[in-house]
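Residue numbers (my numbering): -3 to 275. Positions of the beta carbon are idealized from the N, C-alpha and C atoms, including for glycine. None of the values given here were measured: they were computed from a predicted structure. Encoded as C-alpha cells, the structure appears first; notes follow it.
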C-alpha cells in the first residue's frame, strides 16, 4: 500500500514547518504528499444557489492557486505534491481522503493557544486527532530536528501499546531511527512493579535492530513530566497513543493531549487507538 502524507495548510507562519517536515520525510520514505486547505467562503445569506456556487468556485480556485504558491515559496522541489481544497468542512474532506486506498499520515501544525481561545475556539489539531483514527504528526511552532534518530514512546501498563501502528511508523523511518525509549509516568495509584514489567516486555520486543531503553518516573502530572523530559531530549519525537495511558479515560485523555497540543512545544506522533480490554 502506498504511503501518503496529508498536510493541513492554513497559510499561517506555522504551516511551513509541517510542510517542510512532510516533504523531508516523503523524499526519504517514498511517500506521496497531499496539501489540504479549507477556504473561508463569504457569501451573503440571501444569495441564490447559482450565485453562491459561483462564489464558492471562485474562492476554491483562488485557494488552490494560493496553495501551490505557498508550496513553491517554502520548498525547493514541489514535484510529487498534489493539492486539494476542502469542498465541505476540513474534517469531512479529510475523512473522505482517509477512506482512499493509502496508508495515510496526517500532518498538523501546533500553534500554541491562549486560555480564552481554548474555551471558545478549541484547536483544529485536537479535532483532527479526535475525529480520525490514523497516525497524526503534530508539528510545533518552532523549528526542531527534522531527522530524529530517537522515538520516545509514552506507555501505561494498564493499556497496551498499539504495536502494529508503531511498527508501521518504524518501518517508514527504516534505519534512521537508531534508538527507542519507552517512558512511563507512575502515579501513586499505579504499580511500579507492573509498570517495570511492561516496560521490560517492550524493551525485549524492540531491542535488536534498534537500541531499546526504558525509563519510569514517579509523578502525578504526566503532562509536566513528559514536557520537561522532552525539552531535555531534542534529538527525537514523543509518541503517544489514543487509548493508552489515561487517554482511554475521556477526562484525563483530553487533559493530557490538550495540554500537549496547546503548549505546542513538543513534536508529537499520535498513534491511533486500539480495541482492547483494560488490564
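Buried or exposed (CB count within 10 angstroms, at least 16 for buried), residue i
| i | result |
| --- | --- |
| residue 117 | Low per-residue confidence applies at residue 117: pLDDT is 35, beneath 50, and the placement is therefore not dependable enough to give any value. |
| residue 14 | buried |
| residue 152 | buried |
| residue 188 | exposed |
| residue 155 | buried |
| residue 161 | buried |
| residue 263 | buried |
| residue 33 | buried |
| residue 185 | exposed |
| residue 72 | exposed |
| residue 265 | buried |
| residue 130 | buried |
| residue 95 | exposed |
| residue 107 | buried |
| residue 228 | exposed |
| residue 112 | The pLDDT assigned to residue 112 is 37, lower than 50, so where the model puts this residue is not dependable, and the model offers no usable value. |
| residue 85 | exposed |
| residue 97 | exposed |
Cβ-heavy atom distance, residue i to the ligand GTP, below 7 Å
| i | result |
| --- | --- |
| residue 9 | No copy of the ligand GTP occurs in the structure displayed, which carries no ligand at all. |
Proximity of residue i and residue j at Cβ, strictly below 8 Å
| i | j | result |
| --- | --- | --- |
| residue 175 | residue 221 | no |
| residue 182 | residue 213 | yes |
| residue 158 | residue 31 | no |
| residue 236 | residue 122 | no |
| residue 25 | residue 168 | yes |
| residue 76 | residue 29 | yes |
| residue 103 | residue 62 | no |
| residue 238 | residue 216 | no |
| residue 127 | residue 101 | no |
| residue 125 | residue 132 | yes |
Proximal residues to residue i (C-beta, below 8 Å), its chain only, five neighbours per side dropped
| i | result |
| --- | --- |
| residue 74 | 64, 67 and 68 |
| residue 99 | -3, -2, -1, 0 and 164 |
| residue 35 | 55, 56, 58, 59, 81 and 82 |
| residue 192 | 210 and 212 |
| residue 199 | 178, 208, 209 and 210 |
| residue 16 | 70, 71 and 142 |
Chain-order list of residues whose beta-carbon lies under 7 Å from that of residue i (same chain, five-residue window excluded)
| i | result |
| --- | --- |
| residue 141 | 230 and 231 |
| residue 190 | 153 |
| residue 226 | 148, 234 and 262 |
| residue 255 | 219 |
| residue 79 | 31, 60, 63 and 64 |
Contacting residues, own chain, Cβ-Cβ under 6 Å from residue i (five flanking each side not counted)
| i | result |
| --- | --- |
| residue 244 | Unreliable positioning characterises residue 244 in this predicted model, as indicated by a pLDDT of 39, which lies under 50. A coordinate reading is not provided. |
| residue 105 | 10, 11, 14 and 135 |
| residue 120 | none |
| residue 149 | 178 and 235 |
| residue 18 | 1, 3, 29 and 103 |
| residue 276 | No information on residue 276 is available, as it lies outside the stretch -3 to 275 that the chain covers here. |
Interface flag, residue i vs chain C, CB-CB below 8 Å
| i | result |
| --- | --- |
| residue 254 | Within the model displayed, chain C is absent; a lone protein chain is all it includes. |
Completely contained beta strand (DSSP E) runs for the stretch 168 to 213, where each covers 3 or more residues: 175 to 182
Whole beta strand (DSSP E) elements within the stretch 87 to 151, 3-residue minimum: 99 to 105, 131 to 135 and 146 to 150
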